[in-house]
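Counting from 1, position 67 in the sequence shown corresponds to residue 881 in my numbering; the numbering is continuous, with no gaps. Where is the CB? At the ideal position from N, CA and C, for every residue including glycine.
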Amino acid sequence: MKKYIYDDASLIKKSLLKDLSEEDRMKLELLLEDWQLREVYDQLSDPTYLKKQFMEYENYSGKKGYMVFRERRGCARRVNMIRWVAAVWVIVLGAMLWLTLGESGEKEVPPVASKVIPAGEKKARLILADGTEVEVSKTGAHVLKEEGVNIKYENGEISYETERVSTEIVYN
């Protein structure tokens with residue numbers, strides 16, 4: 815196709831109006847070597863095709879077309895707004911997670927064996943649920959009483975009981 819489309823269009827117009835000179839006819843034949851332009855030229859030359867297209871154009875409503883345009887434009891705005899809100903939400907959520915989880919990254923963990931028992935001694939350190947430490951030795955069956963807690967060591971088993979009286983509150 816040529817660079818100047820207006821020249822091509824005026825040539826096709828002259829041909830349809832049967833107002834071609836011999837020089838223009840040669841230019842038109844060169845132009846119609848392109849199969850796409852040949853198709854367009856054949857459609858424009860066919861009176862039934864043109865009549866059908868004009869009938870279709872008469873049925874077209876400008877108001878209806880404008881309403882469809884406005885509706886599509888409104889949908890595009892809504893979709894863009896939803897995308898922006900979702901993007902902002904993801905960024906805010908990421909920042910909040912980073913702030914909350916980033917601070918708790920380095921907690922000081924106490925060593926497992928904080929107090930080392932010297933070698934050669936036969937005892938262990940028992941840490942109770944309330945956090946108190948009791949030293950239990952392996953010298954047979956005995957009972958330790960500390961702060962209301964009885965700790966027994968017999969045959970390699972440790973058991974303990976509390977002397978504290980606990981009351982149970984029952985609701986209806």
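Judged by pairs of C-beta atoms under 8 Å, the segment 844 to 858 touches the segment 817 to 826, as three or more such pairs exist.
In this structure, E949 is the residue among L911, E949, G945 with its C-alpha nearest to the C-alpha of E935. When secondary structure is reduced to three states using DSSP, E935 falls in the coil class, being assigned neither helix nor strand.
DSSP places T976 in the strand class (E or B) of the three-state scheme.
The criterion of a C-beta distance shorter than 8 Å is not satisfied by S875 and L830.
Under DSSP, E949 shares a beta bridge with R939. By the Cβ neighbour-count rule, Y967 is buried, with 16 or more other Cβ atoms within 10 Å of its own. In the same chain as W912, and ignoring 5 residues on each side of it, no C-beta atom comes closer than 6 Å to its own.
Within the same chain, Cβ atoms closer than 6 Å to the Cβ of Q857 are found at Y863, the five residues on either side in sequence being excluded. Residue pairing by DSSP places E847 in no beta bridge whatsoever.
The shortest CA-to-CA distance from L851 to any of A933, L915, D822 is the one to D822.
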